[in-house]
Amino acid sequence: VNLTDFFKISLKFCLKKLHTMNTFLLSLSILSFITQCRAFSVFMSSAPKTSFGQNRADFNKNIVIGSAALFTAAPAIASSIPVVGSKAPSFELPSNDNGKTYSLSELTSTGKTTVLYAYPGDFTSSCTIEAKSFQKDIEKYNALNAQIVGLSVDSAEKHLDFKKKYGLDFILLSDQGAKVADLYGAKIDIPIFGKFANRYTYIISKDGTILKVFTDVESHVAEHSSEVLAFLNGLNA
182 VNLTDFFKIS LKFCLKKLHT MNTFLLSLSI LSFITQCRAF SVFMSSAPKT
232 SFGQNRADFN KNIVIGSAAL FTAAPAIASS IPVVGSKAPS FELPSNDNGK
282 TYSLSELTST GKTTVLYAYP GDFTSSCTIE AKSFQKDIEK YNALNAQIVG
332 LSVDSAEKHL DFKKKYGLDF ILLSDQGAKV ADLYGAKIDI PIFGKFANRY
382 TYIISKDGTI LKVFTDVESH VAEHSSEVLA FLNGLNA
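Heads up: the sequence shown runs through residues 182 to 418, numbered per the numbering used here.
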C-alpha cells in the first residue's frame, strides 16, 4: 500500500458518497484526507526505524491502512432518525433571539406546526441559499400556521450575525456539540474538524409528533422550501 493507493481508495469513497453528502461536509472530509496525507509524507521522510524499533516501511504501511480506514469510515453519522409518528426528541437550546433559550415544548405550545431544519453552518453557500429560501417564503408559512426553526452547531452570536446579514425572521438554535442533532439522527462527526448537523428537515406537529423527515435536501437546496410548503399544504387539504 502506498500514498497513490491511499488516494485512490479515498477518492473512490468521495465519489461514491458525493450524492448523499452536502458539499460543505464533503470538503471537510477531503481536508481531513489531505491532512492525513501530509502526516504520511512526514513519516516517509523519517529515519528507517521508528523510535520503538519497527521497520519504517511496515510502520508507514500501517499508517496508510489505518488512515484510509479512518477516512473511509468518516464522517461518522448518527445511527437513527426519528420515525414518522413518533414523538420528536425534547431539547432546550439557546438561540439568535438575544440568547433566549427555546425548548421543543415551548415551540409546540404556540399551536403552530414546526419546521425544524438542521444544517451544517452559517454563512456557507448552501446553508445561506436554504435560509434565504425559507425567508422568502415566510409569509406562506405564516398562512399555514407553521414556524421555521433552524438548528446548527454555530454559536448564538454567530446565528445573530447570520440573521442580521440576511434579514431572517425566524429562530436559529445553537446546538454546540451536536447533541440535539444526534438525537434527531443528523449528527456527522468528521475527524479533526469536529461535529456538525447534516442537512435534514423535520416537520413536527402541534403535539410534538414527527410528521415528516426530509433527508435528501442537498441535491435541491434551492427548491427545498417549496417541497416543504407542498407537504404542509397537503396536511391542510
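Beta carbons are placed, not taken as given, at the ideal position from N, Cα and C, and that holds for glycine.
message: Just to check my reading of the structure: I262 and T396 have Cβ atoms closer than 8 Å, yes? What is that Cβ distance to the nearest angstrom?
response: In this structure, I262 and T396 form a Cβ contact; the two beta carbons are roughly 7 Å apart against a cut-off of 8 Å.
- request: Report all residues from its chain with a CB closer than 6 Å to the CB of V402; omit the five preceding and five following residues, and keep chain order.
  value: Hits under 6 Å: S307, I310, E311.
message: Assuming Y347 is part of the alpha helix (DSSP H), what are its boundary residues?
response: First-last of the alpha helix (DSSP H) with Y347: 337–347.
- request: Can you check the stretch 273–358 for any alpha helix (DSSP H) of at least 4 residues that lies completely inside it and give the ranges in chain order?
  value: Here the runs fully enclosed are 285–289, 306–317, 319–324, 337–347.
query: Is F377 helix, strand or coil when you go by DSSP?
result: In the structure shown, the three-state DSSP call for F377 is strand.
Inter-residue CB distance, A378 and Y322 (contact presumed, cutoff 8 Å): With 8 Å as the limit, A378 and Y322 do not qualify as a contact, their Cβ atoms being about 21 Å apart.
query: Is the stretch 340–360 touching the stretch 264–282, taking contact as three or more C-beta pairs under 8 Å?
result: Three or more beta-carbon pairs separated by less than 8 Å link the stretch 340–360 to the stretch 264–282, which places the two stretches in contact.
Sequence-distant residues of the same chain with beta carbon closer than 6 Å to G280, five excluded per side: Taken in chain order, the residues that qualify are A337.
Opening and closing residue of the alpha helix (DSSP H) in which D363 lies: According to the DSSP assignment, D363 belongs to the alpha helix (DSSP H) that extends over 360–364.
message: Measuring alpha carbon to alpha carbon, tell me which residue in R380, G331, S290 is nearest S400.
response: Per the Cα distances, R380.
- request: Inspect the beta-carbon positions of V296 and I329 and report whether they are closer than 7 Å.
  value: The beta carbons of V296 and I329 sit closer together than 7 Å.
field: Proximity below 7 Å, CB of V334 to CB of A367
entry: Taking 7 Å as the Cβ cut-off, V334 and A367 do not qualify as a contacting pair.
message: Taking the straight line between their C-alpha atoms, what separation do you get for Q316 and I373?
response: One C-alpha to the other measures close to 33 Å.
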